[in-house]
Amino acid sequence: MKRLLAATAALTALLAGSAHAAEPKLEARAILPADASFPAPFNGVVNTDPVFVPGSSQPVGGFSALLDAGNGDFYAMPDNGFGSKANSRSFILRLYTVRPKWKTEWSGKGDVKILDALTLSDPDAKVPFPIVNENTPERILTGGDFDIESVRQAPDGTFYFGEEFGPFIVHVDGKGRVLDAPVPLPRVFSPDNPFLLGRTPNLASSNGFEGMALSKDGKTLYPFLEGPLVGDDPLVRHVYEFDVSERRYTGRNWIYRMSIPGTLVSDAVAYSKDQLIITERDNGQGPAAAWKKAFVIDVPANKPNLQKHEIVDLLNVNDKDGISENPIRPGDFGLGNPFKFPYQTVEAVLPLSNNELAFVNDTNFGSTGRNPNLPDYSDFIIVKVPGIKG
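Each position in the sequence shown, counted from 1, maps to that position plus 28 in the working numbering.
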């Protein structure tokens, strides 16, 4: 009997260890301070218009999208800035190149260096409506023109941005210059759409293309509406098909269903030829955060029914190595084991190699998900997720 009990205990411990090993695990972390800034031709200040002054800078803020920039660097994209079209007219639309110095279980500083900034502009007047910097030679684009929320890089090196004021798809070259007129989503209008012309909006403000996946072959974009259209079931999110070479919607679309009411699609990215990763979030932060999860679905073109399965709960990540434990500031929430990613807007996911996913939050210039007394920093993390491949 003693041998049987001992064998049972050993088997139980082995199974428990195996289950523990199969949990999503925090592999690395790096932080960009909340007050990070970068040189610019004019200062980014809430509720102001651009004033070109030498020695100016832009606040970086948090990030709504991540891309692989090679050599361990990332392109990290802020959105329109301070939260609305009216108050972000001096916030430059940019794609930053950043280099995290990851803190892991073995070593690392855990900080982030900003290497460069790609500034979006419209020098050839491709945008068919007046922009904030309309009468300047560079025609730099700002948060008063577009609310960019997602970005993908095509095989030819150009970038496609999904945005929310239209919603539009905006195409720029490798230097950030608009190449052709932004493509509107047919028959869908947000309250900020410049072509509304008295029509009633059928999409709530800030509910446009928060997530937009690019197929592995680079031929198709799949932009996801963050929220429902007017009259939809509140759990319905529309997914569209955009032909990259033709620069047009194909007319095909699908329905992605949210898991619970009151949540939003926050990103979409391809991680294999046949599947996408989708992130969902609620609006809670700190201890009130309840839903920050990632799911896998089939590529919409392959299956009419977008069934999904959960791959990671960002409010319950194994940190047995203590990567998040130092430093901890008074009032910090969700550090240690389990590690929590309790930010209001978790809006960026990027598949890496070795079953790893990178995530970063949008700070919203004042969200307090990590600490109720301090503005959020940009929290870059790598999570190892069993069962997926980069």
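Virtual Cβ for every residue (Gly too), placed ideally from N, Cα, C.
Q) Start and end of the beta strand (DSSP E) containing G255? A) Element bounds for G255: n/a, residue is neither H nor E.
Q: Below 6 Å CB to CB, which residues in the same chain sit around A49 once its five sequence neighbours on both sides are set aside?
A: The pLDDT assigned to A49 is 48, lower than 50, so where the model puts this residue is not dependable; a value taken from the coordinates is nonetheless given after this. Nothing listed; no residue qualifies.
Q | 8 Å Cβ cutoff met for D101 and R127 | A | Cβ atoms of D101 and R127: closer than 8 Å.
Q | Cβ-Cβ separation, E55 to K412 (assumed contact under 8 Å), whole Å | A | Yes, K412 and E55 are in contact; Cβ-Cβ is about 5 Å, under 8 Å.
**Q.** Extent of the continuous beta strand (DSSP E) to which Q86 belongs
**A.** Unbroken beta strand (DSSP E) run through Q86: 85-87.
Q. By DSSP, does R357 sit in helix, in strand, or in coil?
A. The three-state secondary structure of R357, taken from DSSP, is coil.
Q. Closest by CA to F252, which one among G397, D245, S234, K244?
A. With distances taken between Cα atoms, F252 lies closest to S234.
Q: Using only alpha-carbon positions, find the residue among A104, K368, S65 that is nearest to Q313.
A: Here the closest residue by C-alpha is K368.
**Q.** Assigned exposure category for E192 - 16 Cβ within 10 Å defines buried
**A.** E192 sits buried, since 16 or more C-beta atoms from the chains shown fall within 10 Å of its C-beta.
Q: Put P315 into one of helix, strand or coil per three-state DSSP.
A: In the structure shown, P315 sits in a helix (DSSP, three-state: H, G or I).
Q: Confirm, please, whether the CB-CB distance from K129 to R57 is below 8 Å.
A: At least 8 Å separates the beta-carbon of R57 from that of K129.
Q: Kindly give me the distance between the Cβ atoms of S85 and P67, rounded to whole angstroms, as I take these residues to be in contact under 8 Å.
A: Correct: roughly 6 Å between the Cβ atoms.
Q. By Cβ distance below 6 Å, which residues in the same chain neighbour G415 in space, the five residues on each side in sequence not counted?
A. The beta carbon of G415 sits closer than 6 Å to none of the beta carbons in its chain outside the five residues before and after it.
(Q) Below 8 Å, how does it come out for the segment 353-360 and the segment 389-399: are there three or more Cβ pairs, yes or no? (A) Result yes; three or more Cβ-Cβ pairs closer than 8 Å.
Q. Do you know offhand how far L378's Cα is from S92's?
A. For L378 and S92, the distance between alpha carbons rounds to 11 Å.
Q: Let me know the secondary structure DSSP gives G100 once reduced to three states.
A: Correct three-state label for G100: coil.
Q: State the Cα-Cα distance for the pair R117 and N163, rounded to the nearest angstrom.
A: Taking the straight line joining both Cα atoms gives about 14 Å.
Q: Give the single residue among N330, G194, T186, N115 whose Cα lies nearest to the Cα of L207.
A: Checking every option, the nearest Cα to that of L207 belongs to T186.
Q.
Give me the residue from D63, E133, L224 with the minimum Cα distance to K53.
A. Among D63, E133, L224, the Cα nearest to that of K53 is on E133.
(Q) Quick check: the segment 334-352 against the segment 270-280, are at least 3 beta-carbon pairs closer than 8 Å? (A) In this structure the segment 270-280 does not touch the segment 334-352; the number of beta carbon pairs closer than 8 Å is below three.
Q. Can you name the residues that DSSP bridges to V267?
A. The secondary-structure analysis by DSSP pairs V267 across a beta bridge with F252, W282.
(Q) I need the boundaries of the beta strand (DSSP E) containing T307, first residue and last residue. (A) In the DSSP assignment, T307 falls within the unbroken beta strand (DSSP E) covering 303-309.
Q | Exposed unless 16 or more other CB atoms sit within 10 angstroms - verdict on N392 | A | Counting Cβ neighbours within 10 Å, N392 comes out buried, since at least 16 surround it.
Q: Leaving aside the five residues before and after L143 along the sequence, list all residues of the same chain whose C-beta is less than 7 Å from its C-beta, in chain order.
A: In chain order, D101, T125, V126, R127 place their CB closer than 7 Å to the CB of L143, counting only its own chain and leaving out the 5 sequence neighbours on each side.
**Q.** Sequence-distant residues of its chain with Cβ nearer than 6 Å to I409 (five each side left out)
**A.** Excluding residues within five positions, the ones whose Cβ falls inside 6 Å are R57, F387.
**Q.** Element boundaries [beta strand (DSSP E), containing Q372]
**A.** No beta strand (DSSP E) contains Q372, which DSSP labels as neither H nor E.
Q) In chain order, what residues of the same chain lie with their CB nearer than 7 Å to the CB of G290, ignoring the 5 residues before and after it? A) D310, listed in sequence order.
Q: List the endpoints of the continuous beta strand (DSSP E) containing F323.
A: Taken as a continuous stretch (DSSP letters only), the beta strand (DSSP E) holding F323 covers 320-326.
Q: Report the rounded CA-to-CA distance for G364 versus G90, giving the unit in angstroms.
A: If you take the alpha carbons of G364 and G90, they lie about 23 Å apart.
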